[in-house]
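Protein chains in written order, with UniProt numbering: chain A, 1 to 547; chain B, 1 to 565.
Contents: one structure, followed by commentary.
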Ligand SMILES: [Zn+2]
Ligand SMILES: [Zn+2]
Ligand SMILES: [Zn+2]
């Protein structure tokens with residue numbers, strides 16, 4: 001009872017005993033059996049292990065031993081009164097309980113189907129509040145961008161004096177005398193604190209509250225195609241708190257703007273960036289998802305083909321299946337490689353990187369997908385195997401048809417003999433008026449069982465040809481040909497004729513029709529051949545009779 | 001009426017609503033527990049949710065290529081954190097789901113933070129409780145009252161939890177409550193207030209028989225949480241403690257690293273699902289069967305020769321893999337349970353507990369208790385609960401010897417604090433505390449016992465006890481539950497026998513009660529019962545509950561380090 005499996009294979013953890021040292025190892029070979037948790041000896045079966053345990057270790061670890069062997073027996077007797085058991089599981093053995101329900105011991109049929117619980121959306125309220133705000137931003141930002149575009153125009157004068165006049169023409173500056181303190185920090189202006197104007201909105205602020213936008217960044221804002229890298233705004237440090245020159249060391253010119261304008265412009269920039277850039281991981285991921293969805297489209301067509309082909313049927317073309325298989329293999333390889341690529345993308349070096357975790361998770365997602373779907377690939381026989389399967393199946397059908405024909409002829413022969421015997425008994429010649437009626441009744445009685453036996457044989461042939469269950473349950477409910485196909489007896493017409501041979505021919509005609517509808521061309525061919533032979537035989541007999 | 005499914009459907013809907021692409025699930029501490037009870041991480045992974053983050057984790061990485069599903073309780077703290085997040089978004093788009101009703105003001109705060117227009121959805125999905133089993137939920141609140149009245153934050157959390165259960169199951173119930181309990185009346189009233197305030201939310205298709213919400217108080221049955229348990233789930237909780245489906249096995253002698261913490265989820269562990277309500281004895285033989293089956297399968301794996309073999313194997317593979325994990329886990333748990341049973345004479349202790357709860361013979365029982373208190377193997381917590389049970393049962397017996405037993409506890413080395421629990425349990429669940437209307441001058445246990453005899457005739461030593469809840473539900477289903485003791489709130493009254501019942505126990509429910517409810521659901525077609533409690537108790541957490549309730553500040557409970565040895 002206390003034995004544990006030592007079970008290993010490529011990707012199964014090896015589980016070892018509860019006592020002593022623990023090891024979870026990967027091992028390529030398969031070892032199986034029950035390990036003694038104390039001496040690690042491998043015992044073949046549970047009972048052997050129990051025996052071994054009792055003999056070797058009963059004194060060593062009494063607590064474990066007792067609890068496991070003795071206790072169960074004792075407790076079972078004491079805890080489990082027979083009556084209690086029936087109370088817990090009315091009308092059944094405890095083992096049958098699992099039939100009662102799925103997990104959690106709850107059978108879905110006990111309770112009605114459950115719809116999604118109540119929900120309430122605030123999205124509209126949220127959006128109306130946000131949009132009112134954002135609309136204002138958008139209007140303001142657009143205004144700023146139009147002005148910025150003008151300020152950046154190549155016709156703008158470079159001469160500082162003319163430049164200033166130009167700037168004031170584009171943006172109306174608030175007159176100095178209207179503002180006595182910085183609109184941003186509230187410090188009053190004076191000799192030490194001078195007034196500055198935001199070049200984009202014209203408002204007044206102090207130097208400390210000014211922001212300096214790089215002109216290349218400004219160009220990028222009005223034209224997203226503009227090449228830009230680096231900082232959009234000057235970093236303020238103690239050394240440049242009183243920047244007067246708007247040209248930094250690297251020769252880049254800067255524009256003085258207020259904090260509000262900076263915020264609006266940066267917000268626009270972030271959103272444009274977000275819309276226009278696709279990081280490597282997203283690009284690879286999208287490709288990977290595309291492969292997965294392609295594979296998911298092929299699978300429902302491919303799996304039934306494999307089923308059918310591995311039974312030797314010729315409904316589907318082997319080459320076509322092979323092509324699909326190759327496609328799938330390629331897609332899986334792509335998924336494998338893309339997911340590996342994602343996993344190996346460089347990440348920031350901090351040890352607790354979530355990005356790395358994300359990349360690993362995507363890899364797990366991809367391998368789960370492949371694990372689930374790989375078996376369809378393995379199941380397709382090789383061409384050689386397939387030819388053998390096909391031949392075997394054809395031979396089998398031929399054999400059965402031959403056997404059936406033989407049975408039909410035997411039955412006919414029997415009937416003929418019986419008729420002869422009857423005729424000689426009653427001394428009557430074949431009487432025309434009672435013939436059909438009589439024959440009809442006979443079909444209903446003893447002849448009927450003959451007939452149903454024949455049908456049974458024909459059914460068996462066709463059923464054995466029908467495909468078994470599908471490899472993937474969700475591919476069920478596909479097109480008609482995917483389903484196992486089984487002819488339905490069309491007995492009415494067959495029963496109207498009395499000659500067993502004719503009956504047989506009618507039955508087969510009915511089957512051919514059905515097989516055509518189900519697009520089982522192999523069956524059609526074979527049944528037609530069978531019908532031809534029967535017809536030939538029947539004609540031969542008739543000719544013989546009439547001669 | 002399946003709470004697991006209700007929460008699971010909410011989560012699935014959230015993920016679906018987020019569309020394709022890489023996703024991150026952003027949660028708080030509580031919603032993390034809520035989600036982990038219904039979904040396995042691997043299950044969510046297959047829906048392209050690759051990261052799980054806590055909103056209160058500082059310095060999360062910015063990953064704009066992920067879309068974010070935020071599932072959060074509507075607390076002030078969360079609203080603040082989320083507003084902060086929206087001002088500097090770390091992820092591409094946000095789909096926000098609150099687990100309960102959120103105020104218009106909070107929506108405004110969030111909307112004003114979303115300058116970058118990253119939010120796509122803001123909705124309320126009422127998964128605001130811990131779904132433990134399809135018919136069982138908890139709010140994970142230990143210690144709901146102080147000096148026998150509601151601790152306000154716990155009351156408001158309880159109202160939120162209970163109303164979210166109703167909303168997630170789409171039930172607008174008639175409310176009944178235990179008349180003897182002021183706390184039950186107050187909760188019932190508060191729930192009704194929410195229902196009338198949010199009347200539009202609670203408008204569901206009318207059913208022929210309206211659902212019933214029955215609110216009870218743990219103080220009416222302080223016996224059940226004190227008993228040792230013998231069905232698998234209840235026993236594991238009693239002896240090893242289940243915390244959001246997790247069991248800490250790190251103190252088990254010689255435990256392997258990967259088994260130090262194991263998950264017992266009936267949703268994802270078939271063996272557990274099939275055995276959680278089984279008696280301990282049965283589980284041993286079921287594990288043996290499982291191992292043999294496993295061995296059989298591993299053998300067939302060894303000789304995979306034909307396509308059919310391979311197919312069969314691969315088809316079985318996920319199951320097979322699951323099983324290999326299952327075997328070692330359950331063998332370990334059952335092994336540890338039996339070790340504890342043997343080491344601490346739990347069979348004898350339990351038999352005595354059951355005798356106290358169900359029979360009346362005072363003097364032989366007193367002898368047995370004294371004998372167990374003298375043993376060196378019996379754990380202190382078991383000694384204490386024996387004396388507590390005795391005190392409850394023989395509170396007014398003429399030869400009552402509680403003081404003698406408490407003295408015996410002292411001699412065994414139990415601290416004054418622990419010994420004081422004997423008086424505390426009487427204050428908490430003694431005669432005065434119980435609904436006298438229901439019992440008249442009889443004890444709850446006597447009623448239970450009589451009922452049990454009437455039903456079965458045969459008694460089993462370890463599972464004689466039936467919780468009071470069994471009797472109450474039995475009467476409720478038959479339409480015989482007295483209105484004087486369990487009045488309706490408001491004027492309405494149920495004319496027919498109830499079909500959909502949600503029963504909630506203030507002060508926590510137990511797995512023994514969950515099993516009783518499970519059996520009702522199984523054996524009474526047409527009746528659907530969901531059980532919930534402020535928490536799911538074992539005896540240890542119950543002692544904590546009691547000591548908080550009597551006003552000793554919970555220190556005794558928290559210091560109750562008398563568990564496994
Ligand atoms: Zn050994
Ligand atoms: Zn300023
Ligand atoms: Zn400005």
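Just so you know, even glycine gets a beta-carbon here, dropped at the ideal spot from N, CA and C.
Remember, it's a predicted structure, so these values are computed and weren't measured experimentally.
7 Å CB neighbourhood of residue i in its chain, flanking five on each side removed
i	result
residue 391(B)	402, 422, 425, 426
residue 356(A)	347
residue 187(A)	181, 193, 206
residue 218(A)	148, 152, 255
residue 386(A)	309, 318
residue 91(B)	24, 63, 64, 66, 67, 68
Beta-carbon contacts of residue i that lie in its chain and below 6 Å, excluding the five residues immediately before and after
i	result
residue 349(A)	none
residue 74(B)	98, 100, 102
residue 331(A)	291, 294, 295
residue 334(A)	291
residue 10(B)	125, 127
Beta-carbon proximity list for residue i, same chain, < 8 Å, skipping 5 on both sides
i	result
residue 174(A)	197, 202, 203, 204
residue 184(B)	177, 178, 215, 216, 217, 506
residue 144(A)	200, 201, 261, 264, 265
Residue range of the unbroken alpha helix (DSSP H) whose run includes residue i
i	result
residue 78(B)	76-87
residue 506(B)	Per DSSP, residue 506(B) belongs to no alpha helix (DSSP H); it is in the beta strand (DSSP E), 500-506.
residue 263(B)	Segment 261-263 is the beta strand (DSSP E) holding residue 263(B); no alpha helix (DSSP H) there.
residue 16(B)	3-17
residue 252(B)	No alpha helix (DSSP H) contains residue 252(B), which DSSP labels as neither H nor E.
Residue i: first and last residue of the uninterrupted beta strand (DSSP E) it sits in
i	result
residue 183(B)	Per DSSP, residue 183(B) belongs to no beta strand (DSSP E); it is in the alpha helix (DSSP H), 182-197.
residue 213(A)	211-214
residue 533(B)	528-533
residue 27(B)	23-27
residue 124(B)	119-125
residue 133(B)	130-133
residue 51(B)	49-54
residue 138(B)	136-138
Cβ-Cβ distance between residue i and residue j below 8 Å
i	j	result
residue 271(A)	residue 116(B)	yes
residue 264(A)	residue 141(A)	yes
residue 369(B)	residue 405(B)	yes
residue 36(B)	residue 248(B)	no
residue 38(B)	residue 530(B)	no
residue 204(B)	residue 257(B)	no
residue 117(A)	residue 126(B)	yes
One or two residues paired with residue i in a DSSP bridge
i	result
residue 146(B)	149(B)
residue 215(B)	177(B), 504(B)
residue 343(A)	None; residue 343(A) has no bridge partner.
residue 255(A)	213(A)
residue 510(B)	537(B)
residue 63(B)	91(B)
residue 120(A)	124(B)
Distance cut-off 7 Å: residue i Cβ against heavy atoms of ligand 4
i	result
residue 148(A)	This structure does not include ligand 4; its bound ligands are ligand 1, ligand 2 and ligand 3.
Give a yes or no on contact between the region 146-153 of chain A and the region 217-225 of chain A, applying the rule of three or more CB pairs nearer than 8 Å. yes
Contact the region 517-526 of chain B vs the region 228-237 of chain B: 3+ CB pairs below 8 Å: no
Does the region 345-365 of chain B come close enough to the region 222-230 of chain B that 3 or more CB-CB pairs lie under 8 Å? Under the Cβ criterion (8 Å, minimum of three pairs), the region 222-230 of chain B counts as touching the region 345-365 of chain B.
Count the C-beta pairs between the region 508-515 of chain B and the region 479-488 of chain B that are closer than 8 Å, then say yes if the count reaches three, no if not. no
The region 129-136 of chain B touching the region 125-139 of chain A, judged by at least three CB pairs closer than 8 Å: no
Does the region 333-340 of chain A come close enough to the region 356-367 of chain A that 3 or more CB-CB pairs lie under 8 Å? yes
Is the number of C-beta pairs between the region 183-198 of chain B and the region 461-480 of chain B that are closer than 8 Å three or more? no
Whether or not the region 135-142 of chain B and the region 103-114 of chain B are in contact is what I'm after, with contact meaning three or more pairs of Cβ atoms, one per stretch, closer than 8 Å; do they touch? No: fewer than three Cβ pairs fall under 8 Å.
Three or more beta-carbon pairs under 8 Å between the region 259-271 of chain B and the region 337-345 of chain B, yes or no? no
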